[in-house]
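Asker: Sharing a structure, written as structure tokens. Questions coming.
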Amino acid sequence: MSEPVTADLPRAVPAARPADQPGERTAVSGEDLDLLLLIRSFEQALLDLFSEGRLNGTTHSCLGQEHIPVALRPLLGDADHIFSNHRGHGHYLARFGDPAGLLAEIMGREGAVCNGVGGSQHIHRGRYLSTGVQGESMPVGAGVALHHKRSGDGGLAAVFIGDGTFGEGAVYEALNLAQLWQLPLLVVVENNGIAQSTPASVHTAGTIAGRAAAFGVTYHHVDSVDLSEIRSAVAPLVRAVRETPMPAVVEFSTVRLGPHSKGDDTRDSAALAFAQDRDWYPRYRRLLGDRFDHAEGRQQARVADTVRAVAARPPARWDA
Amino acid sequence: MSEPVTADLPRAVPAARPADQPGERTAVSGEDLDLLLLIRSFEQALLDLFSEGRLNGTTHSCLGQEHIPVALRPLLGDADHIFSNHRGHGHYLARFGDPAGLLAEIMGREGAVCNGVGGSQHIHRGRYLSTGVQGESMPVGAGVALHHKRSGDGGLAAVFIGDGTFGEGAVYEALNLAQLWQLPLLVVVENNGIAQSTPASVHTAGTIAGRAAAFGVTYHHVDSVDLSEIRSAVAPLVRAVRETPMPAVVEFSTVRLGPHSKGDDTRDSAALAFAQDRDWYPRYRRLLGDRFDHAEGRQQARVADTVRAVAARPPARWDA
Amino acid sequence: MPESERVVTNLNRALGALLDKDQRVYVLGEDIGDPYGGAFKVTRGLSTRFPGRVLSTPISESAIAGVAGGLALAGDRPVIEVMFGDFAGLCFDQLYNFAAKSVSMYGHRVPMPMIVRCPVGGNRGYGPTHSQNPQKHFIGIPNLSLWELSPLHDNAVVLDRIMDRGEPAILFEDKTLYSRRMHRDGVISGPLRFDFPGGDGNWARVYVGRPDPADYVIIAPGGLAERAWQAAADLLVEHELTGQVLVPSRLYPVDLEPLLPAVRDAGLICIAEEGVTGGTWGAEVANQLYGRLWADLKRPIRLVSSADSVIPTAPHLEREVLVQSETIYRAVCEALDA
Amino acid sequence: MPESERVVTNLNRALGALLDKDQRVYVLGEDIGDPYGGAFKVTRGLSTRFPGRVLSTPISESAIAGVAGGLALAGDRPVIEVMFGDFAGLCFDQLYNFAAKSVSMYGHRVPMPMIVRCPVGGNRGYGPTHSQNPQKHFIGIPNLSLWELSPLHDNAVVLDRIMDRGEPAILFEDKTLYSRRMHRDGVISGPLRFDFPGGDGNWARVYVGRPDPADYVIIAPGGLAERAWQAAADLLVEHELTGQVLVPSRLYPVDLEPLLPAVRDAGLICIAEEGVTGGTWGAEVANQLYGRLWADLKRPIRLVSSADSVIPTAPHLEREVLVQSETIYRAVCEALDA
Ligand SMILES: Cc1ncc(C[n+]2csc(CCOP(=O)(O)OP(=O)(O)O)c2C)c(N)n1
Ligand SMILES: Cc1ncc(C[n+]2csc(CCOP(=O)(O)OP(=O)(O)O)c2C)c(N)n1
Ligand SMILES: [Mg+2]
Ligand SMILES: [Mg+2]
């Protein structure tokens with residue numbers, strides 16, 4: 013990873029949604045900025061590879077949601093388990109900072125983190141796991157949390173799920189169990205307001221907050237894209253999850269900038285403009301100026317190098 | 013059925029839970045009283061048959077919960093679908109008043125409503141259906157409600173479920189759909205505070221009210237055992253379910269007097285005393301005096317006759 | 056001759072026709088509404104043409120199946136789409152214990168017409184949880200029939216036939232078929248021909264030149280049919296072996312009768328399917344054939360299925376695991392010592 | 056000789072031993088805690104002896120299986136009880152797409168030791184949704200093994216063996232077995248004897264007097280074993296036919312090797328199971344046997360299963376549908392023209 017650079021940022025001009033302005037309260041570290049831009053560059057490179065016909069299968073980019081795993085990164089330790097989902101590249105990169113291993117997995121090349129067997133949405137490395145069936149990870153995360161609770165190791169299970177995944181019954185079975193048994197289960201909801209092609213209003217009655225309340229589970233809502241602000245708001249909750257222990261739901265209001273997978277975005281221009289308007293990227297760019305552009309240049313170059321290197325590798329091998 | 017008899021009852025002595033006193037506000041009709049006591053007598057007769065070794069398989073008595081289907085009876089019409097569950101004899105008798113058909117089913121004799129194939133917990137007759145897998149009926153009820161909504165016939169789907177059944181994910185999937193699509197689904201929760209051997213505090217985090225609120229579904233709580241009081245409270249809701257249309261959850265706080273199925277009650281005496289204390293039966297009896305005893309005598313005799321008659325029948329025949 | 060329509064178009068048209076002629080028909084599933092039209096575009100245009108009866112649902116496979124069961128119970132005729140057949144396990148209980156069981160467990164027949172559409176199969180690089188063939192797990196459930204999409208069977212006929220049974224059914228659709236062309240008028244391509252020997256159109260028979268006599272027959276469901284007839288073409292060219300490929304529309308209950316004349320005299324019966332090994336559909340068919348043809352069988356029936364393995368994502372690894380045309384070719388050669 | 060323990064006691068003791076010797080073991084399920092001890096009392100006493108590791112759960116089959124998957128992933132060794140195996144469909148996805156798949160879908164082996172206990176079977180008048188044998192629906196899932204309770208196999212050994220595979224497994228337990236006695240020291244009753252021919256103890260062989268030569272062999276899982284050896288006893292008395300009953304502990308993957316000497320020379324192989332017809336375990340076993348024994352087989356393998364039907368509640372109707380001792384007896388007679 014590039015060297016962390018921390019610098020104070022000028023306070024932003026007060027805006028309609030001041031909480032949404034990054035860097036207002038605190039600095040953006042170089043490490044954070046690099047990571048944000050690594051993820052963005054990585055996802056863009058993937059979409060490019062797809063449109064060039066150089067990738068097969070499918071993939072789901074996290075464009076617009078990069079700040080969520082970056083914000084949570086310092087709050088989650090090596091002992092914690094992370095359960096990611098189909099839209100998991102940002103989660104993986106925030107945990108391991110390993111674009112080559114991930115890209116090799118997606119391209120089925122040597123050095124693939126799962127030997128090319130899992131592909132984009134089935135990754136397992138240490139205490140990180142993603143899988144492609146929506147909702148499955150919630151009870152699994154509860155099981156891992158039960159293990160942590162009994163071992164008393166202070167670890168937790170963090171499960172990333174989307175808004176649409178609240179359609180699955182397994183989510184509720186797990187929330188009920190986690191609260192009954194007071195398990196250290198941190199549910200991170202990335203609410204981008206859409207599931208594949210279906211807007212939240214068409215797939216979810218009521219609210220995510222209401223879902224948590226139904227089970228008496230502690231809930232916190234995050235609207236900000238400011239990493240420090242998110243961290244200071246969420247850190248006490250994460251601590252409580254570990255120490256009490258207890259479950260919690262943290263819902264991030266976020267946006268999906270790109271298609272669901274590839275070339276399958278049927279949203280109208282107003283919906284897309286709404287998403288772009290809430291993207292962290294232009295705000296960070298505006299506030300950080302040259303520093304942003306330099307960092308982005310570095311990460312784009314890094315990703316381009318990674319693509320070149322990985323594409324040149326031989327196919328992954330797997331001894332089943 | 014015996015002739016309906018309606019008489020005014022003296023107001024009860026004000027008690028700690030005045031709402032729980034039957035007959036305070038209004039009269040108890042003979043028809044209602046007969047039905048309550050038919051169900052009670054039927055269930056007691058079944059437990060007797062079991063202990064005499066004259067029934068095989070399993071059964072779940074609704075002792076303590078008889079007033080719920082009796083109260084709802086005039087609110088549900090022939091066009092409505094009713095989904096019952098394992099503890100469904102009261103639901104069936106309230107709808108059809110047919111102890112012989114039901115007993116024949118349970119005993120596998122001629123005249124069985126499902127030819128002895130379904131047995132106690134799998135009954136289908138007209139628009140009444142019960143099945144033995146917890147939670148399954150909720151989405152099925154939503155489907156039937158969708159049919160009613162589109163046909164505009166003013167019918168609804170009423171689904172009876174217990175508190176423990178809120179463990180099943182299917183319940184939440186159905187609540188979400190029913191609210192999203194505004195389906196005429198009436199969820200009748202018979203919360204007897206226990207599931208088989210597991211007290212509610214061990215199987216349910218949060219509340220049933222919270223579950224409904226999570227989806228924005230209208231909710232009403234009933235603590236009373238007074239039929240008229242229940243009816244006046246619930247009738248407007250049932251009307252709204254039909255007319256809006258929309259789903260609603262009505263939760264009855266109730267008690268299970270008997271074992272889960274047969275001989276498997278592991279509750280301590282305090283828990284049993286609590287249940288007995290909330291039973292509608294002694295209260296009705298206290299208030300109605302001789303009238304109650306006469307009615308009970310009639311229903312017990314009727315059930316005894318039914319048992320004798322059905323037991324003398326040949327085995328049910330089924331052409332698969 | 057103008058090019059025939061794609062399989063996806065044929066299926067889409069069949070669903071449209073079903074909706075059009077019968078007000079009781081619903082189509083439900085995740086993201087099936089316009090403009091998206093479903094993950095594989097099978098339902099494109101239908102929600103626009105039939106508003107209120109073609110409904111995008113939340114991600115709730117169990118509830119979708121349950122709602123279908125409720126509609127069927129109330130007299131409607133729902134079709135549901137499970138976006139990937141791999142997720143059919145999420146509605147296993149509703150199909151196993153409610154929809155199928157309701158037909159007969161109440162001691163009198165309760166009609167439950169409903170179709171569960173499941174896009175299945177691999178060779179698209181979708182990975183271990185999006186590429187499977189779960190057909191075999193649903194075999195032998197009373198009152199549940201299983202069907203498979205094929206480029207030889209017109210879907211308008213198939214859907215009618217299924218609905219008219221009045222029982223729940225699963226239609227498995229090999230995802231690689233959608234973009235293929237339907238075959239018409241008994242012609243596939245080159246010398247490859249097909250007909251429907253049984254009369255009721257359930258079994259299609261593919262052959263080169265003329266159907267008989269056959270050194271071998273391959274029984275293969277729709278998803279594998281093309282790979283099977285490619286193998287047959289290669290076997291003719293390379294080894295002068297003549298064979299037939301028999302493709303059923305209905306997988307289960309198995310309807311062997313129309314098949315018997317064709318298979319009785321074959322030197323080899325090979326049953327191929329893309330599902331992974333163990334407890335396969337082929338095992339069921341083979342067992343029935345052993346019982347019926349014991350005296351005539353020249354050698355053991357050869358089953359071909361994918362490896363006992365998860366289905367990897369990377370194409371070069373996926374290919375190794377899944378049945379390909381060469382897998383069938385090699386199996387026939389091996390069994391016939393060719 | 057003192058009476059041997061009941062099967063339920065043996066299983067309870069085995070679970071206790073597992074919990075006792077390995078702190079990583081959990082037992083989870085609905086109503087399994089004391090004083091209730093589970094719907095069939097298999098876990099009685101365990102929650103008292105091992106608080107915190109024997110947990111009663113809400114009615115959430117899918118989550119219970121998911122929690123088990125999570126525990127296994129984190130290094131624990133969970134056992135779960137699905138109160139009635141009929142409900143296993145509710146956790147089909149967790150077993151199919153998570154627990155089993157995780158072992159191999161990440162390109163490196165992920166140990167997932169866990170046992171799903173499923174009380175199954177009929178003859179108890181519990182009706183169509185509480186009497187089934189869903190074994191067959193779980194055959195052929197890579198990295199998922201299937202086992203069956205038997206009165207001949209000591210459960211302490213069986214549970215260890217399963218856990219040591221490091222992969223998810225389902226243990227099917229015929230409910231009628233619980234109240235039966237375990238058989239020990241090679242003796243069943245009267246002249247009925249048993250041994251374990253394979254060496255590893257997976258296959259038990261039951262015979263009258265001496266094992267060979269056999270006019271027929273019956274292969275039957277634990278739930279049906281007693282019905283099978285009753286049939287064998289009757290076949291000896293009524294028709295002087297000598298036979299063996301072969302009872303596996305592990306149903307799948309099928310381990311045929313130890314069986315081959317015994318079955319090769321038999322005049323008939325009959326495979327019996329209580330599950331309803333179609334896509335059965337027997338079809339899988341038979342197919343493997345056809346492949347291995349083609350030259351030696353005297354006649355087609357005979358499959359015996361319950362009718363293609365829901366399982367009625369009334370005992371007289373239920374009896375008709377389910378495989379009984381006489382069903383097996385008649386099948387053998389018919390096949391041998393006796
Ligand atoms: C059980 C299941 N059903 C359907 C799908 C297909 N699918 C993949 S992602 C997705 C949408 C998920 O929406 P959401 O949870 O909001 O996450 P997002 O894609 O917005 O990040 C769907 C329907 C799936 N993977 N698993
Ligand atoms: C899916 C499923 N799991 C488990 C059972 C076994 N079972 C039957 S009734 C019951 C308890 C139900 O509790 P509740 O919903 O509170 O209803 P109650 O028995 O109290 O009326 C259980 C666990 C079942 N029938 N279905
Ligand atoms: Mg979303
Ligand atoms: Mg209850």
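Residue numbers (the numbering used here), protein chains in the order written: chain A, 13 to 332; chain B, 13 to 332; chain C, 56 to 393; chain D, 56 to 393.
Virtual Cβ for every residue (Gly too), placed ideally from N, Cα, C.
Going straight from the alpha carbon of residue 298 (chain A) to that of residue 139 (chain A), what length do you get?
Answerer: Their backbone Cα atoms lie some 36 Å apart in a straight line.
Asker: By alpha-carbon positions, which one of D:146, D:257 and D:263 ends up nearest to residue 249 (chain D)?
Answerer: Comparing Cα-Cα distances from residue 249 (chain D) to each of D:146, D:257 and D:263, the minimum goes to D:263.
Asker: Thinking just about the alpha-carbon of each residue, which of C:329, C:148, C:307 and C:349 is nearest to the one in residue 339 (chain C)?
Answerer: The shortest C-alpha separation from residue 339 (chain C) is found at C:307.
Asker: For the segment 369-391 of chain C, which residues have a beta carbon sitting closer than 8 Å to at least one beta carbon of chain D?
Answerer: Cβ contacts with chain D: none found.
Asker: When you check each C-beta in the segment 174-203 of chain C against every C-beta of chain A, which residues fall closer than 7 Å?
Answerer: Listed by position along the chain: 179, 180, 181, 182, 183, 184 and 185.
Asker: Alpha carbons only, please: which of D:91, D:299 and D:289 is nearest the one belonging to residue 270 (chain D)?
Answerer: The shortest C-alpha separation from residue 270 (chain D) is found at D:299.
Asker: Counting contacts by CB-CB distance shorter than 9 Å, is residue 141 (chain C) in contact with chain A?
Answerer: So, interface residue.
Asker: Under 9 Å, do residue 178 (chain A) and residue 201 (chain A) count as touching if we go by C-beta distance?
Answerer: Contact flag set, yes.
Asker: Buried or exposed, going by whether 16 or more other CB atoms sit within 10 Å of the CB of residue 267 (chain C)?
Answerer: Label assigned to residue 267 (chain C): exposed.
Asker: Tell me residue 357 (chain D)'s beta-bridge partners as DSSP assigns them.
Answerer: The partner list for residue 357 (chain D) (beta bridge, DSSP) reads D:325.
Asker: Check the C-beta distance from residue 102 (chain B) over to residue 51 (chain B) and give it rounded, since I have them as a contact under 8 Å.
Answerer: Right, the Cβ-Cβ distance comes to about 5 Å (below 8 Å), so this counts as a contact.
Asker: Going straight from the alpha carbon of residue 81 (chain B) to that of residue 281 (chain B), what length do you get?
Answerer: Cα to Cα, the separation comes out at about 28 Å.
Asker: Considering residue 64 (chain B), what are the terminal residues of the alpha helix (DSSP H) in which it resides?
Answerer: Careful: residue 64 (chain B) lies outside any alpha helix (DSSP H) and carries neither H nor E.
Asker: As an exercise, report each continuous beta strand (DSSP E) stretch of at least 3 residues that is fully enclosed by the segment 197-254 of chain B, in chain order.
Answerer: Runs found: 197-203 and 230-234.
Asker: By DSSP, does residue 212 (chain C) sit in helix, in strand, or in coil?
Answerer: The answer is helix: DSSP assigns residue 212 (chain C) an H, G or I state.
Asker: Could you say if the segment 191-201 of chain A and the segment 126-141 of chain C meet the contact criterion of at least three C-beta pairs nearer than 8 Å?
Answerer: Taking 8 Å as the limit for Cβ pairs, the verdict is that the segment 126-141 of chain C does not touch the segment 191-201 of chain A.
Asker: Which chain A residues sit within Cβ distance under 8 Å of residue 117 (chain C)?
Answerer: Near residue 117 (chain C) (Cβ distances below 8 Å), the residues of chain A are 181.
Asker: Would you decide whether residue 103 (chain D) is buried or exposed? Buried here means 16 or more other CB atoms lie within 10 Å of its CB.
Answerer: Classification for residue 103 (chain D): exposed.
Asker: If you draw a straight line from the alpha carbon of residue 230 (chain B) to that of residue 259 (chain B), how long is it in whole angstroms?
Answerer: One C-alpha to the other measures close to 7 Å.
Asker: With a threshold of 8 Å, are at least 3 pairs of Cβ atoms found where one atom belongs to the segment 48-67 of chain A and the other to the segment 212-225 of chain A?
Answerer: The segment 48-67 of chain A is not in contact with the segment 212-225 of chain A.
Asker: What does a CB cutoff of less than 8 Å around residue 61 (chain D) pick up in its chain, not counting 5 residues either side in sequence?
Answerer: So the qualifying residues of the chain are 233, 234, 235, 236 and 237.
Asker: Whole angstroms is fine: what's the gap from residue 251 (chain A)'s alpha carbon to residue 166 (chain A)'s?
Answerer: Approximately 9 Å between the Cα atoms of the pair.
Asker: Under the three-state reduction of DSSP, which class applies to residue 286 (chain C): helix, strand or coil?
Answerer: Here residue 286 (chain C) sits in helix by DSSP.
Asker: Identify every residue that forms a DSSP beta bridge with residue 112 (chain D).
Answerer: DSSP, once it has assigned bridges, lists D:85 as partnering residue 112 (chain D).
Asker: Is residue 195 (chain B) closer than 9 Å to residue 217 (chain B) when the C-beta atoms are compared?
Answerer: Result no, Cβ atoms of residue 217 (chain B) and residue 195 (chain B) do not sit closer than 9 Å.
Asker: Given a cut-off of 9 Å, decide if residue 268 (chain B) and residue 75 (chain B) are closer than it, judged by their beta-carbon atoms.
Answerer: Yes.
Asker: Anyone know if the C-beta pair for residue 260 (chain C) and residue 301 (chain C) falls short of 9 Å?
Answerer: Yes. Within cutoff.
Asker: Under a Cβ-count criterion, where at least 16 other Cβ atoms within 10 Å of its own Cβ denotes burial, should residue 226 (chain A) be classed as buried or exposed?
Answerer: Counting Cβ neighbours within 10 Å, residue 226 (chain A) comes out buried, since at least 16 surround it.
Asker: Would you kindly work out how many angstroms separate the C-alpha atoms of residue 120 (chain D) and residue 201 (chain C), rounded to a whole number?
Answerer: The alpha-carbon atoms of residue 120 (chain D) and residue 201 (chain C) are separated by roughly 27 Å.
Asker: Near residue 92 (chain D), which residues of its chain fall below 6 Å by C-beta distance, leaving aside the five closest residues on each side in sequence?
Answerer: Taken in chain order, the residues that qualify are 98 and 99.
Asker: Expressed to the nearest angstrom, what Euclidean distance is found between the alpha-carbon atoms of residue 177 (chain C) and residue 263 (chain B)?
Answerer: Going from the Cα of residue 177 (chain C) to the Cα of residue 263 (chain B) covers about 47 Å.
Asker: Under a three-way DSSP split, which group does residue 41 (chain B) fall into?
Answerer: Three-state result, residue 41 (chain B): strand.
Asker: In or out: residue 350 (chain D) buried (at least 16 other Cβ within 10 Å) or exposed?
Answerer: Counting Cβ neighbours within 10 Å, residue 350 (chain D) comes out exposed, since fewer than 16 surround it.
Asker: Please go through the same chain and pick out, in chain order, the residues whose beta-carbon is closer than 6 Å to the beta-carbon of residue 149 (chain B), but skip the five residues on each side of it.
Answerer: Result list for residue 149 (chain B): 95 and 171, in chain order.
Asker: Based on DSSP bridge pairs, tell me the residues matched to residue 136 (chain B).
Answerer: B:141.
Asker: Which ranges would you report for the beta strand (DSSP E) in the segment 119-186 of chain D if only whole runs of at least 3 residues count?
Answerer: Runs of the beta strand (DSSP E) inside the segment 119-186 of chain D: 132-136 and 169-175.
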